[in-house]
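Chains as they are written, first to last, in our numbering: chain P, 458 to 865; chain H, 458 to 865. Each residue gets a CB set at the ideal place from its N, CA and C atoms; glycine is no exception. Just so we're clear, the structure is a prediction, and the values are computed from it rather than from any experiment. The next block holds one structure in the form of structure tokens; read it before the comments.
Number of protein chains: 2
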Amino acid sequence: MKASAELDAADPLAHLRQQFVLSAGKVYLDGNSLGPLNRKVSAHLARVTNEQWAEDLISGWNTHNWIDLPLTVGNQLAPILGARSGEVLCCDNLSINLFKCLAAALELNAPRRKILTEAHHFPTDNYIAQGLSQLLGHERCELQTALIENLDQTDLRDVAVISLSHVNFKTGELRDMQRITQQAHAAGCLIIWDLAHSAGAVDIGLGQHQVDMAVGCTYKFLNAGPGAPGFLFVAERHQHANVALQGWMGHADGFAFEEHYRPASGITRFLTGTQSVLAMAAVTAALGIFESVTLSDVRKKSLALTDHFLDHLATCNWTRNLEVLTPTEHAMRGSQVSLAMEHGYPVSQALIDRGVIVDFREPNIVRFGFSALYNQFSEAERAAQILSDILKNEWFLDPRYSQRNTVT
Amino acid sequence: MKASAELDAADPLAHLRQQFVLSAGKVYLDGNSLGPLNRKVSAHLARVTNEQWAEDLISGWNTHNWIDLPLTVGNQLAPILGARSGEVLCCDNLSINLFKCLAAALELNAPRRKILTEAHHFPTDNYIAQGLSQLLGHERCELQTALIENLDQTDLRDVAVISLSHVNFKTGELRDMQRITQQAHAAGCLIIWDLAHSAGAVDIGLGQHQVDMAVGCTYKFLNAGPGAPGFLFVAERHQHANVALQGWMGHADGFAFEEHYRPASGITRFLTGTQSVLAMAAVTAALGIFESVTLSDVRKKSLALTDHFLDHLATCNWTRNLEVLTPTEHAMRGSQVSLAMEHGYPVSQALIDRGVIVDFREPNIVRFGFSALYNQFSEAERAAQILSDILKNEWFLDPRYSQRNTVT
């Protein structure tokens, strides 16, 4: 195992860290939940607020092209996702975008009428599918749940669309997008990937792998701020689909105020109502950093960081026997390491109390999220050491650490 | 007619203007489209970005109650709308919120299956209804269009829900919420009011008038910034409804990550996915000004401003014969004056070029929006005078003024 200092010194992305506001005494390993503030975001947001909005007011929609932000930000996202310009929109939130994609996919692939979701999908994705099924009625939309590992033993004959996570939020397992997409297509299904935990951390080839649709959010590895807007990808070949949520921003000529909906051609028909310019301003500035890096460099460092963390866990008596839920195989690992442990919640709180910011997921999982844009190898080592100390000294037994927060 | 200076001097709301950033040389009469920046919004947004997000990162969801913002901001909106705490959410955009309300109302009022919309509704509202009807199929959801004036001659027997605007966006006509809501209820229909052009400008009694549901946006008279989030009101008696767009934020215990959707009790089940904290921060700060005023004072000044503008139009040869689309009767007037004129578009551009910021709506309407929070009586006079000069001197014939912008 190389020394952390040596790895940090050789890190070609090390200079990016200075763009972010990060507390000196803390190790921030929760960028898989909420990315930190990039100073350029702060500056751009102030500019949009105090100059564009304050001074130009209504004319800002034209002079600053606010009206096009969902598409222009989508075009910034496209290369990060391996998509083409005109295939991605930044808008609404992931849940809403998934509803639009699921409804469109069902119609595109009629008379098939099933949505196949995975049992371990991020819950909101399944809730949205459940809501759509309830709205349409079971004769038009039935849900089926499967383990993605068993897809080849699953009857897919009536499945219109498969909805699944690229990276499992609990375990950090990365799915084989190419193989699973091919499997879906071979069975006549469309596929919608949830990229929440991979966008900005993994090199994703949506176009290369012939993915049909995808959704995601920008508040994790894309660092656009708490609750930042979602995005959706619809491959060009599917952009003639009807959109269930059809607002004026998806109209071919919204400002003609026509009585009847006439969908825009291309991806913009997937827009609904007016989007928050302030929220979009944060996204556009946050994505700027990706113009100076390649996703393959990001991915390489991400894997090196999680390797380094796992290596350190393996060297110590107190951590070497912990159950690592995240696959050790690189091709199956996202940008986090998930540990299952008996006292998961109080351990996560003890870590946070000692400056290692992680999070907890039911029932017993502590997640250590690593971002190649700002995390250091020395931080991976330090997190492992502090975890070891907590377990060795049973600091997690402190009753303070058992008090639950609303958001965990 | 009283002198503008006298009216301004006697204006009890005059001191509020200083909170807003307004260019000295301009008369901003487009607050019915985009409200100006309140300095407190700018300060709060910087605080949320550079302190809450930057320093507290993921813990901000708990320590700053970001997670509750849709409800807490909704509770700020409630008194502005004449609703009770727990009946309003700030979230998503108006179009999405209308979809949720329409779908819920259809189910609540089954087996009725029609949505009645008005021909002159804001287009996005009708597009959303058209999309829902297309999604559900005509046998489950049929659209019917009527003129609201003719509601008593309209067959409402199969109408589940009536969707209409409180203030017509083109004419500025304010509808009689009490009478129309009673008419709807007498015929067994539910009613959803679009408050986009009345919230923050008119004293609205949602509770008093037994309104069922309402939607709106916060970027007009509520001054929360370009594309700021929407809101929805659902009367407590209807909050058991199923919500078609059911994301994790509407779950009874979202952070338990349960496999099946279990709706929260109360209004929060109308939430979808994660909301932008930055966008919400702007709304919460923008609404602060309403804690220091009563809506009846706002309404009184709003009517006095539009009266003053109409009085000045009537005094001058060049404007006295213009077609005023906005009702002169106070009870039927929103917070704008709409003039129909042959050269509407170039006149609107000539006004903007001379510092009177108005907007244009097809086919020939120039809208003068007045906000009691910052507009002055002297501005109403000045706008009338400049309009008169433009018409008198035919300045609108300048070819520059015929070039169309994307957003008008």
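Give a yes or no on whether the minimum CB-CB distance between residue i and chain H is below 8 angstroms.
| i | result |
| --- | --- |
| Leu796(P) | no |
| Trp775(P) | no |
| Pro568(P) | no |
| His717(P) | yes |
| Asn625(P) | no |
| Ala503(P) | yes |
| Arg818(P) | yes |
| Val755(P) | no |
| Ile619(P) | no |
| Ile524(P) | yes |
| His787(P) | no |
| Leu663(P) | no |
| Thr611(P) | no |
| Asn532(P) | no |
| Leu762(P) | no |
| Ala603(P) | no |
| Gly518(P) | According to the sequence as given, residue 518(P) is Trp; it is not Gly. Output row for Trp518(P): interface = yes. |
Using a Cβ cut-off of 8 angstroms (strictly closer), state whether residue i contacts chain P.
| i | result |
| --- | --- |
| Gln591(H) | yes |
| Trp650(H) | no |
| Leu551(H) | yes |
| Tyr485(H) | yes |
For a quick check, are the C-beta atoms of residue i and residue j less than 8 angstroms apart?
| i | j | result |
| --- | --- | --- |
| Gly664(H) | Arg541(H) | yes |
| Thr741(P) | Gln533(P) | yes |
| Ser622(P) | Phe579(P) | yes |
| Val668(P) | Lys557(P) | no |
| Arg818(H) | Phe714(P) | yes |
| Asp582(H) | Leu563(H) | no |
| Ile724(H) | Val864(P) | no |
| Gln475(H) | Ile746(H) | no |
| Glu599(P) | Ala692(P) | no |
| Leu728(P) | Pro493(P) | no |
| Cys735(H) | Thr529(H) | According to the sequence provided, residue 735(H) is Leu. The question's Cys does not apply to it. Going by C-beta atoms, Leu735(H) is not nearer than 8 angstroms to Thr529(H). |
| Leu559(P) | Ser620(P) | yes |
On the CB-based measure, 16 or more other CB atoms within 10 Å of its CB, does residue i come out buried or exposed?
| i | result |
| --- | --- |
| Arg467(P) | Residue identity check: residue 467(P) is Ala in the sequence provided, not Arg. Exposed. |
| Ser749(H) | exposed |
| His595(H) | exposed |
| Ser859(H) | exposed |
| Gly645(P) | exposed |
| Pro686(H) | buried |
| Pro469(P) | exposed |
| His501(P) | buried |
| Gly482(P) | exposed |
| Ala739(H) | buried |
| Pro683(H) | buried |
| Ile635(P) | Reading off the sequence shown, one finds Gln at residue 635(P), where the question assumed Ile. Exposed. |
| Asn850(P) | exposed |
| Gln694(H) | Residue identity check: residue 694(H) is Arg in the sequence provided, not Gln. By the neighbour-count rule (16 or more Cβ atoms within 10 Å), Arg694(H) is not buried but exposed. |
| Ala840(H) | buried |
| Gln610(H) | exposed |
| His697(H) | exposed |
Among residues of its own chain, excluding the 5 on either side of residue i, which ones have a beta-carbon nearer than 6 angstroms to its beta-carbon?
| i | result |
| --- | --- |
| Ala658(H) | Phe678, Ser759, Ser792 |
| Leu782(H) | Thr628, Ser795, Ala797 |
| His521(H) | Gln509 |
| Thr751(P) | none |
| Leu613(H) | Ala644, Cys646 |
| Asp754(H) | none |
| Leu631(P) | Val624, Met789, Arg790, Gly791 |
Near residue i, what residues of its chain come up, given a Cβ to Cβ distance below 7 angstroms and the 5 sequence neighbours on each side ignored?
| i | result |
| --- | --- |
| Thr638(P) | Ile648, His666, Gln667, Val668 |
| Ala721(H) | Gly707, His708, Ala709 |
| Arg569(H) | Asp615, Val616, Ala617 |
| Ser552(P) | Thr581, Ile585 |
| Phe853(H) | His800, Pro803, Val804, Ala807, Ile847 |
Using a Cβ cut-off of 8 angstroms, pull out every chain B residue sitting near residue i, in sequence order please.
| i | result |
| --- | --- |
| Gln806(H) | Considering every chain present, this structure includes no chain B. Its protein chains are P and H. |
Residues in its own chain within less than 8 angstroms of residue i by CB, not counting five upstream and five downstream?
| i | result |
| --- | --- |
| Asp855(H) | Pro803, Ala807 |
| Ala503(H) | none |
Are at least three pairs of beta-carbons, each pair with one atom in the stretch 460 to 479 of chain H and one in the stretch 824 to 841 of chain H, less than 8 angstroms apart?
yes
May I ask you to verify whether the stretch 650 to 665 of chain P touches the stretch 799 to 816 of chain P, counting CB pairs closer than 8 angstroms and requiring at least 3?
no
Would you say the stretch 840 to 857 of chain P touches the stretch 502 to 520 of chain P, given that touching needs at least three Cβ pairs under 8 angstroms?
no
With three or more beta-carbon pairs closer than 8 angstroms as the criterion, would you say the stretch 595 to 615 of chain P touches the stretch 773 to 781 of chain P?
Verdict: no, contact absent.
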